[in-house]
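2 protein chains.
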Amino acid sequence: MSGAGPVVGLDIGGTKIHGCVLAGGRVAGTARRATARGIEGVLSSAADLVEVLCRQVGIAVTDLAGVGAGLPGVVDTAAGLVSHAVNMGIAEADVPLAPLLSARLGGTPVVIENDLSVATIGAAHLLEAGDDVALLSLGTGLAAGLMLHGELRRGFRGGAGEIGHITYVTDGAACHCGQRGCLELYASGAALAARWPSPNGRPASVAVFDAAAQGDPDAVRVRDEFVAAVAAAVRIVALTCDVEHVLLGGGVTEVGAPLLDAVTAVIRGWEAESQFLAHMAIADRLRLVPAELATAPVGAALAFARVVPV
Amino acid sequence: MSGAGPVVGLDIGGTKIHGCVLAGGRVAGTARRATARGIEGVLSSAADLVEVLCRQVGIAVTDLAGVGAGLPGVVDTAAGLVSHAVNMGIAEADVPLAPLLSARLGGTPVVIENDLSVATIGAAHLLEAGDDVALLSLGTGLAAGLMLHGELRRGFRGGAGEIGHITYVTDGAACHCGQRGCLELYASGAALAARWPSPNGRPASVAVFDAAAQGDPDAVRVRDEFVAAVAAAVRIVALTCDVEHVLLGGGVTEVGAPLLDAVTAVIRGWEAESQFLAHMAIADRLRLVPAELATAPVGAALAFARVVPV
Numbered sequence: 560m561s562g563a564g565p566v567v568g569l570d571i572g573g574t575k576i577h578g579c580v581l582a583g584g585r586v587a588g589t590a591r592r593a594t595a596r597g598i599e600g601v602l603s604s605a606a607d608l609v610e611v612l613c614r615q616v617g618i619a620v621t622d623l624a625g626v627g628a629g630l631p632g633v634v635d636t637a638a639g640l641v642s643h644a645v646n647m648g649i650a651e652a653d654v655p656l657a658p659l660l661s662a663r664l665g666g667t668p669v670v671i672e673n674d675l676s677v678a679t680i681g682a683a684h685l686l687e688a689g690d691d692v693a694l695l696s697l698g699t700g701l702a703a704g705l706m707l708h709g710e711l712r713r714g715f716r717g718g719a720g721e722i723g724h725i726t727y728v729t730d731g732a733a734c735h736c737g738q739r740g741c742l743e744l745y746a747s748g749a750a751l752a753a754r755w756p757s758p759n760g761r762p763a764s765v766a767v768f769d770a771a772a773q774g775d776p777d778a779v780r781v782r783d784e785f786v787a788a789v790a791a792a793v794r795i796v797a798l799t800c801d802v803e804h805v806l807l808g809g810g811v812t813e814v815g816a817p818l819l820d821a822v823t824a825v826i827r828g829w830e831a832e833s834q835f836l837a838h839m840a841i842a843d844r845l846r847l848v849p850a851e852l853a854t855a856p857v858g859a860a861l862a863f864a865r866v867v868p869v
Numbered sequence: 560m561s562g563a564g565p566v567v568g569l570d571i572g573g574t575k576i577h578g579c580v581l582a583g584g585r586v587a588g589t590a591r592r593a594t595a596r597g598i599e600g601v602l603s604s605a606a607d608l609v610e611v612l613c614r615q616v617g618i619a620v621t622d623l624a625g626v627g628a629g630l631p632g633v634v635d636t637a638a639g640l641v642s643h644a645v646n647m648g649i650a651e652a653d654v655p656l657a658p659l660l661s662a663r664l665g666g667t668p669v670v671i672e673n674d675l676s677v678a679t680i681g682a683a684h685l686l687e688a689g690d691d692v693a694l695l696s697l698g699t700g701l702a703a704g705l706m707l708h709g710e711l712r713r714g715f716r717g718g719a720g721e722i723g724h725i726t727y728v729t730d731g732a733a734c735h736c737g738q739r740g741c742l743e744l745y746a747s748g749a750a751l752a753a754r755w756p757s758p759n760g761r762p763a764s765v766a767v768f769d770a771a772a773q774g775d776p777d778a779v780r781v782r783d784e785f786v787a788a789v790a791a792a793v794r795i796v797a798l799t800c801d802v803e804h805v806l807l808g809g810g811v812t813e814v815g816a817p818l819l820d821a822v823t824a825v826i827r828g829w830e831a832e833s834q835f836l837a838h839m840a841i842a843d844r845l846r847l848v849p850a851e852l853a854t855a856p857v858g859a860a861l862a863f864a865r866v867v868p869v
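Residue numbers (the numbering used here), protein chains in the order written: chain A, 560 to 869; chain B, 560 to 869.
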């Protein structure tokens, strides 16, 4: 990451873009702005933020080695295409977003990557968790980003890590995917928000954990059911891919240490009952991705460096 | 697999060894014998069978490029060590079985590998299923052998593919692993045998499917519950690793096409309800490993060639 020049990383979401400049392996600057919708909106928002970031650290856009960008939706990194990024108002398939953004930036090379993949790359890097990692993203949905021996596992149909749609409760509630009882109905931020509406704008996860810590029996029940489902997600990742590190990320991590402690306690309880699970030592591999870390923008910059060595 | 000489593949199990000679990419001969117990027993049984196979195809042991052997238990392929292969009466850890067998064979190189891995390599090869494959082994237990983009995925603690110990029924029956309701209690040959004892020596799986086909309502229920659990195992593999091919193997495949048809029908039913699963097109990736194929011995020979190119 030293050598050829700084890299900008962009985490492009449906409502905002979060960016950073990575120079010599260090974050030299960060900035955010709102995302305008549609192809033209995304391009101009992203190009604006790149310019803001460059001004912030006192360089020209032409000084950049390149730009890496993480996007929701189906991303073809090799061809620079994004499809069905409906959160950003891009319903089209095979939109050549990487070459379009590159042209907007005077020919600066651009690499695009799926947002869960960049979050995984960034979390593994910032937590110094090596190259064999699953990031459990506990947000609106539930999915795992997989980096196996350094290689991102996307899967044959782009569905690797879609553990949120494994059945957790037989004949459970209806999921938007068309199945019933999917794990993400129990182990996601949205699941928690549905069970514990938080009228004052605090994240539902923080509100539930606080109320539970104060002894509210309903909150204790909601928290414990959520934590058990998250632990089940961890077990699924551990007993399929057996990665060296399992990282808990996503919006729910605003709860902080109490979330990690609670999930760890459930798994330690299982390990006390099961020699097999004790041997697997899953709890020892579990870590929390602090919500304040710029994992996705940093991961986006690193995603660029994976494709175009700098 | 042409060039430097034929390779013997051995599938060493607790009661018998099944071997083959692979020459020029073709199976030139096969043979079986009983496995004697303990380190000395396994070494002499294996060395005997290598000699029998060589005589059968008219070559000397010294003409072999090498021997690949699949073993139950924890195998360190790089160092040639096996640990805790209790099925074969080897309770010890770190037994240098590869160098010991090599010495017994006059210095012929020997590579050892986990039995599930060799079955996966062999099944992928014989079914021409490419290099991105999960083999669901439905035998005494349930586990998945994983080959991801050509690389065997063993996992950080050797637990990759241990899907049999993911919970399938909350508070279900006790599993020998110490947990409750594990998937292998519902989706394995042993599970079927426990629910449908087959007094006349026929495999329980064949007996259940036959009785169900003749309309026995108990058999229909046992069969359908088993098939649903196998389908759940397929979904777990598809929504974690998203491999290109999912192969059904193990003793249960003696049922043949009716097993594949039944599992496929369950998954097609899910796909009819779920656009997400329809997009994943899991049923299209499902294939049966015919029980009569010598997948494990062929895979063992190929495992040798993966380590020592011939």
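Ideal Cβ positions, reconstructed from N, Cα and C, are used throughout, including at glycine.
- Message: Once DSSP output is grouped into helix, strand and coil, what is the label at A791/B?
- Response: helix
- Item | Cut-off 7 Å between Cβ atoms - residues of its own chain near G588/B, not counting five sequence neighbours on either side | C579, V580, L612, Q615 and V616
- Buried/exposed call for R794/B, threshold 16 Cβ in 10 Å: buried
- Message: I'd like to confirm the pairing. Which residues does DSSP put opposite I826/A in its beta bridges?
- Response: In the DSSP output, where bridge partners are listed per residue, I826/A has none listed.
- Beta-carbon of C725/A versus every beta-carbon of chain B: anything under 8 Å? Per the sequence shown, the amino acid found at residue 725/A is Ile instead of Cys. Yes, I725/A lies at the interface with chain B (some Cβ there is under 8 Å from its Cβ).
- Item | DSSP bridge partner residues for H684/B (one or two, in chain order) | According to DSSP, H684/B bridges with nothing at all.
- Same chain, Cβ closer than 6 Å to A628/B, five either side skipped, listed in chain order: L569, I571, I671 and A859
- Message: At 3 residues or longer, what runs of the beta strand (DSSP E) sit wholly inside the region 671-727 of chain A?
- Response: 692-697 and 701-707
- Task: Name, in chain order, the residues that DSSP records as bridge partners for H804/A.
- Result: V692/A
- Task: May I ask you to report which of helix, strand or coil DSSP gives V848/B?
- Result: coil
- Query: For the putative contact between L711/A and A703/A, defined by C-beta atoms under 8 Å, what is the C-beta separation to the nearest angstrom?
  - Reply: Between A703/A and L711/A the Cβ distance is about 12 Å, and since that is not below 8 Å, they are no contact.
- Message: If you follow the alpha helix (DSSP H) that H577/A is in, where does it begin and where does it stop?
- Response: Taken as a continuous stretch (DSSP letters only), H577/A belongs to no alpha helix (DSSP H), being part of the beta strand (DSSP E) at K575 to A582.
- If the cut is a Cβ gap below 7 Å, which residues of chain D does L798/A touch? Looking at the structure shown, chain D is missing, and the protein chains on hand are A and B.
- Just by C-beta distance, which residues in the region 685-701 of chain A are closer than 9 Å to chain B? D691
- Task: Classify L664/B as helix, strand or coil using the three-state DSSP reduction.
- Result: coil
- Would you kindly work out how many angstroms separate the C-alpha atoms of E743/A and F863/A, rounded to a whole number? 30 Å
- Taking only beta carbons into account, state which residues of the region 798-820 of chain A come closer than 9 Å to chain B, listed in chain order. L798, T799, C800, D801, V802, E803 and H804
- Whether D622/A touches G564/A by CB criterion (8 Å): yes
- Message: Residues in the same chain with beta-carbon distance under 8 Å from V508/B, minus the five sequence neighbours each way, listed in chain order, please.
- Response: Outside the shown range of chain B, which is 560 to 869, sits residue 508/B, and nothing can be said about it.
- Message: Any contact between the region 728-747 of chain B and the region 834-854 of chain B? By contact I mean 3 or more CB pairs, one from each, below 8 Å.
- Response: no
- Query: Less than 8 Å separating the beta-carbons of G665/A and H804/A?
  - Reply: no
- Outcome for S561/A when other beta-carbon atoms lying within 10 angstroms are tallied against a minimum of 16: Interpretation of S561/A is limited by its pLDDT of 41, a score under 50 that renders its predicted location unreliable; the figure taken from the coordinates is listed afterwards. Burial call: exposed.
- Query: When you compare each of G573/B, L836/B and R591/B to V567/B by their alpha carbons, which one comes out closest?
  - Reply: R591/B
- Item | Separation of I680/B from R585/B, as counted between CA atoms | 15 Å
- Message: Quick check on this structure: which residue in S661/A, A657/A and S764/A has the alpha carbon closest to the alpha carbon of G698/A?
- Response: S764/A
- At a Cβ threshold of 8 Å, is I571/A touching chain B? no
- Query: So A855/A and A678/A are in contact, right, with Cβ under 8 Å, and what is the actual spacing, rounded?
  - Reply: 5 Å
- Compute the Euclidean distance between the alpha carbons of S747/A and L675/A, then round it to the nearest angstrom. 15 Å
- Look at the alpha carbon of L819/A and the alpha carbon of F768/A, and state the distance between them as a whole number of angstroms. 12 Å
- Is the CB of C736/A under 8 Å away from at least one CB in chain B? yes
- Task: Buried or exposed for N673/A, please, with buried defined as at least 16 other CB atoms from any protein chain shown within 10 angstroms of its CB.
- Result: buried
- In whole angstroms, what separates the C-alpha of V641/A from that of P762/A? 30 Å
- Query: Three-state secondary structure (DSSP) at A593/B?
  - Reply: strand
- Message: Out of R865/A, V779/A and A850/A, which one is the CA nearest neighbour of V811/A?
- Response: A850/A
- Amino acids of chain A, ordered along the chain, whose beta-carbon sits closer than 9 Å to that of R591/B: Near R591/B there are no residues of chain A at all, since even the closest Cβ is about 31 Å away, more than 9 Å.
- Nearest-angstrom beta carbon gap, L701/B and I722/B [assumed within contact, 8 Å]: 7 Å
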